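> Per our numbering: the sequence shown ends with 482, consecutive numbering throughout.
Here a beta-carbon is modelled for each residue, glycine too, at the ideal position from N, C-alpha and C.
Fair warning: this is a prediction, and the values are worked out from it, not measured in the lab.
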Amino acid sequence: MPAKELAAKIKLLILDVDGVLTDGGLYYDKDGNVTKRFNVQDGLGIKFAQQAGLDLAVITGLNHGAVEKRVAELGITEYYPGQKKKLPFYEKLLKEKGLKDEEVAYVGDDWIDAPVMVRVGLPMAVKNAQPEIFGISKWISSREGGNGAVREAISFILDAQGKLNDIWKEWAG
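1. Kindly indicate which three-state DSSP category D325 falls into: helix, strand or coil?
2. Going by DSSP, name the residue or residues bridged to E387.
3. With a cut-off of 8 angstroms, do at least 3 Cβ pairs link the region 312 to 325 to the region 360 to 373?
4. Which residues does DSSP list as the beta-bridge partners of I445?
5. Based on DSSP bridge pairs, tell me the residues matched to L431.
6. Should A462 be flagged as near chain C, meaning a C-beta pair shorter than 9 angstroms?
7. Contact between the region 331 to 347 and the region 388 to 398 is defined here as three or more beta-carbon pairs at a separation below 8 angstroms; is this criterion met?
8. Is S446 closer than 9 angstroms to A438 when the C-beta atoms are compared?
9. Suppose contacts are defined by Cβ-Cβ distances below 9 angstroms. Is A312 in contact with W448 by that definition?
10. How long is the line joining the alpha carbons of Y415 and G457, rounded to whole angstroms?
11. Taking D418 as the reference, give the member of E412, D410, G341 and V435 with the closest Cα.
12. Classify T304: buried if its beta carbon has 16 or more other beta carbons within 10 angstroms, exposed otherwise.
13. Less than 9 angstroms between the C-beta atoms of K318 and L431, yes or no?
14. Measure the beta-carbon distance from G333 to G454 and round it to whole angstroms, keeping in mind my assumption that it falls under 8 angstroms.
15. Rounded to the nearest angstrom, how far is the Cβ of I476 from that of A361, given a contact under 8 angstroms?
16. Could you spell out the range, first to last residue, of the alpha helix (DSSP H) harbouring L403?
17. From this set, G407, V376 and E405, which residue's C-alpha is nearest G328's C-alpha?
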């Protein structure tokens, strides 16, 4: 089935963080603290998704204060940090929300994402994902992680659901 048809069924979008919501880089300040870089286009895309009624969750392998703050700023309540094994949290989300695999999309970039990606209805990869992730993805962004790839994925889903134009009209005036 074409990715656009799969996207039309999506009710929940799950995002990885490092390499997807961020560029995957580790930035150190003068005191040796690690910081993260997020893209405002991705953040606005997340707001569009929420406005359109698309549910969002974040499952990430690391636990970092900057990520927690950004997720809170964006109003994403389903946040699972420090999860090297993501599948149990995916299954928890399915059960809690009463969803089927085909109603979920996942944006990933690396091997840690694969166990969930092979289950979801629409596995999505960022442009700079590992080659093995491309092999299991049904959609690949033209942008790299941390540089608007999440916005692009959200726009793809909302367009497939016939919701993107209404959001465009509202925001663009």
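Put simply:
1. coil
2. A366
3. yes
4. For I445, which the question treats as bridged, DSSP gives no partner whatsoever.
5. A414
6. The displayed structure is made up of one protein chain only, and chain C is not part of it.
7. no
8. yes
9. yes
10. 16 angstroms
11. V435
12. Residue 304 falls outside the range modelled here, since the chain spans only 310 to 482, and no answer is possible.
13. yes
14. 6 angstroms
15. 6 angstroms
16. L396 to K406
17. V376
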